[in-house]
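Q: With this note's numbering, letter number 187 in the first sequence gets 187, and the count goes up by one each step, no holes. Structure below; questions to follow.
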Amino acid sequence: MSAPVIIWFRRDLRLQDNLALEAALKSGAAVIPLFIFDPNILNSRRISSVRLKFMLSALESLDGSLRAYGRRLLVRHGEALPTLQNLIEQSGATALYFNTDYTPFAIQRDAAVSEALSIGVHTYHDRLMMPPGSVMTNDDTPYSVYSPFKRKWREKRDERLHIAQYTISAEKLHDLEGLQNDGLPDLHALGHSSTVDVPQTSAEYVSSLLDRWVDERIYGYKDGRDMLGDPHTAPLSATSFFSPYIRFGILSTRTIYWHCREAYENATDKAGRESVTKFVDEIIWHEFYTHVLWHHPHVVDHNFNEKYDAIQWRHAPDMLAAWQNGMTGYPIVDAAMRQLNATGWMHNRARMVVASFLTKDLLIDWREGELYFMRRLLDGDLANNNGGWQWAAGTGTDAQPYFRIFNPLSQSQKFDPTGAYIRAWIPELRDVADRFIHEPHNAATPPNNYPAPIVDHQLARQAALQMFEAAKKSEVN
DNA sequence: AACGACTTGTT
DNA sequence: ACAAGTCGT
């Protein structure tokens, strides 16, 4: 039996359309499928119990897919480099394959691994269709505005981008005999617990989710994407719910993209084509924010726009706690935060509403919100989450102008007109009459177990405007 | 270098 | 109507 090679799974927990796996299989050597639980990641401040639970489920599914071939996932615990060195020594592996991860910690880790290992290390751009550096302005500088980035992306996107083509069989996978396999831990063994029921992760389920989306549901995206609703009667709303799957690479954006091209061809009218285009725009946002973080790693804990560094955000732990717990007295904000706490997911429209509320109504630093989201979201992704928060705060690339402040009441009336979303997540408000559902404190007999608004929006709005203007002034001087 | 363009809004 | 520049070609 000849020497094996290793595929190191990280944020690409799937067997389909995986470029590193394709290359490893085509090497002709038996492939060891490896996952490493790294204490540096498990101990990071942005770790999330619910996301970890979801990832464990995804790893179970990956292992299940391998078991269908009579093989297993090899699991090890430890820091990446020594763990890899140990496995290479034990197995005699002659090459390592993995897909590039573009986040700051991973870049550093992977550079150290490539540098230290004496075997061949092969990396692939699998997570993005256009890797950082491949979509630049005519002056060869990174874009800081989305629209021109999108135009260039669409112009430059390589037509040869292909869905990886390969077949897997027992013979192509290493049997792992004689290799220590730590197996998948349960959540508690990792020091975490969560009562959230995480979404299904099997390859079959994810594939059916994609099929239902591109065959039918995508055509309602343009009109329905912003509407909040009752998740019990319309569990998926008009959004794809792909984000948790994209986060862990359970579903590849390249696969989604090519399915969208087909959906575009199959559209029967202009509105259908516009829906597909709008949806693909969102995938390009994913690429944009990943590029932004790659070019400007300081955005992790600094304003992208230094002009606003002088802002004196409010230190208000009680207000922050009220926001986190869905007890602000603004039903749309509280419904959204409770959806996040209960499910690990929040509708995108709602994310903007609660982010605007934290930064412009409570005047609390966007970093507090960014961190809380990372600790709760199934799809928590450093680049996208940071980009979204800085957009809402007005400090980011192509950010919302600071004076354009969301009004929680009008957002509520516009995107949850019947109050179905509010009632779904705030049981205290279930019996409130329709005309008071967006502002229950104005009802004749307000529910006594639901708080009155903790701030006055009009006053808070004025304070936010002053805070930003003061920061701009002090920056000039 | 002038000029068009600029995710998601509010009053 | 307003708001405020600034990005990219």
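Here a beta-carbon is modelled for each residue, glycine too, at the ideal position from N, C-alpha and C. Given the structure is predicted, the values throughout are model-derived calculations rather than measurements.
Is F242 near L251, with beta carbons less than 8 angstroms apart?
A: For the pair F242 and L251, the CB atoms are nearer than the 8 angstroms cut-off.
Q: Considering just the uninterrupted stretch of the alpha helix (DSSP H) at W153, what are its terminal residues?
A: Y146 to K156
Q: Bridge partners of P142, per DSSP?
A: M136
Q: What does the alpha-carbon distance come out to for the pair N341 and L377?
A: Here the alpha carbons of L377 and N341 stand approximately 9 angstroms from one another.
Q: Please indicate yes or no: does the CB of L13 lie closer than 7 angstroms to some heavy atom of the ligand FAD?
A: With respect to small molecules bound, the structure shown includes none, and the ligand FAD cannot be examined in it.
Q: So what's L190 in DSSP terms, helix, strand or just coil?
A: helix
Q: According to the Cβ coordinates, are I246 and T255 closer than 8 angstroms?
A: no
Q: Is DSSP giving N477 helix, strand or coil here?
A: Confidence at N477 is low in this model, with a pLDDT of 46, below 50, so the placement of that residue should be treated as unreliable; the coordinate-derived value is given next. Three-state result, N477: coil.
Q: Considering only the alpha carbon of each residue, which of V353, L62, A393 and R349 lies closest to D365?
A: It is A393 whose Cα lies nearest to the Cα of D365.
Q: Ignore the nearest five residues each way along the sequence and tell me which others in R45's own chain have a CB closer than 8 angstroms to its CB.
A: Counting only residues of its own chain and dropping the five nearest sequence neighbours on each side, R45 has a CB closer than 8 angstroms to the CB of L371.
Q: Would you tell me roughly how many angstroms separate the C-alpha atoms of H192 and N43, rounded to the nearest one?
A: 11 angstroms
Q: Spatial neighbours of L81 within its chain, please: CB distance less than 7 angstroms, with the 5 preceding and 5 following residues excluded, ordered by chain position.
A: In chain order, A112, V113 and A116 place their CB closer than 7 angstroms to the CB of L81, counting only its own chain and leaving out the 5 sequence neighbours on each side.
Q: Going by CA-CA distance only, name the one from L173, L62, H286 and L73 that's closest to G388.
A: Of the listed residues, the one whose Cα sits closest to G388 is H286.
Q: Out of A310, W294 and Y221, which one is the CA nearest neighbour of A271?
A: Y221
Q: Kindly indicate which residue of F37, A29 and S356 has the alpha-carbon position closest to the one of L190.
A: F37
Q: A263 lies in the beta strand (DSSP E); which residues open and close that run?
A: Taken as a continuous stretch (DSSP letters only), A263 belongs to no beta strand (DSSP E), being part of the alpha helix (DSSP H) at T253 to N266.
Q: Going residue by residue through the region 315-402, where are the continuous beta strand (DSSP E) segments of at least 3 residues, counting only ones entirely within it?
A: none
Q: Who pairs with N99 in a beta bridge, going by DSSP?
A: Y124
Q: Buried or exposed, going by whether 16 or more other CB atoms sit within 10 Å of the CB of L128?
A: Buried: at least 16 other Cβ atoms inside 10 Å.
Q: For L544, which residues does DSSP report across the bridge?
A: This structure cannot speak to residue 544, because the chain is shown only from 1 to 477.
Q: Measure the CB-CB distance between Y97 and H122 and report whether it falls below 8 angstroms.
A: yes
Q: Just how far apart, CA to CA, sit N449 and W323?
A: If I take the Cα positions, the gap works out to 16 angstroms.
Q: Excluding five sequence neighbours on each side, which residues of the same chain lie with their C-beta closer than 8 angstroms to the C-beta of I426?
A: For I426, where only same-chain residues beyond five positions count, the Cβ hits under 8 angstroms are G326, P331, D334, A335, R338 and Y450.
Q: Using three-state DSSP, classify L74 as helix, strand or coil.
A: DSSP places L74 in strand when its eight states are reduced to three.
Q: According to the neighbour-count rule (16 or more other Cβ atoms, all chains shown, within 10 Å of its Cβ), is Q411 buried or exposed?
A: buried
Q: Taking the continuous beta strand (DSSP E) assigned at V480, which residues delimit it?
A: One cannot answer for residue 480 here, as it falls past the ends of the chain, which runs 1 to 477.
Q: Expressed to the nearest angstrom, what Euclidean distance is found between the alpha-carbon atoms of L459 and Y102?
A: 41 angstroms
Q: I need the boundaries of the alpha helix (DSSP H) containing V214, first residue and last residue.
A: Counting along the chain, the alpha helix (DSSP H) containing V214 begins and ends at A203 to D215.
Q: What is the DSSP secondary structure of F37, reduced to helix, strand or coil?
A: strand
Q: Work out the CA separation of Y69 and S169 for me, nearest whole Å.
A: 6 angstroms
Q: What first and last residue would you give for the alpha helix (DSSP H) that runs through V489?
A: Beyond the ends of the chain as shown, which are 1 and 477, falls residue 489; an answer cannot be given.
Q: Should Y349 be labelled buried (16 or more other beta-carbon atoms within 10 Å of its own) or exposed?
A: Just to set this straight, residue 349 is Arg in the shown sequence, not Tyr. Looking at its Cβ environment, which holds 16 or more other Cβ atoms inside 10 Å, R349 is buried.
Q: Which of helix, strand or coil does DSSP assign to D12?
A: If DSSP states are grouped into helix, strand and coil, D12 belongs with coil.
Q: Ignore the nearest five residues each way along the sequence and tell me which others in N477's own chain have a CB closer than 8 angstroms to its CB.
A: Per-residue confidence for N477 stands at a pLDDT of 46, beneath the threshold of 50, marking its modelled position as unreliable; the derived number appears in the next sentence. Here the set comprises nothing.
Q: I think A20 touches A93, with their Cβ atoms under 8 angstroms apart; what is that distance to the nearest whole Å?
A: Their Cβ separation, rounded to whole angstroms, is 14 angstroms, which puts A20 and A93 out of contact at 8 angstroms.
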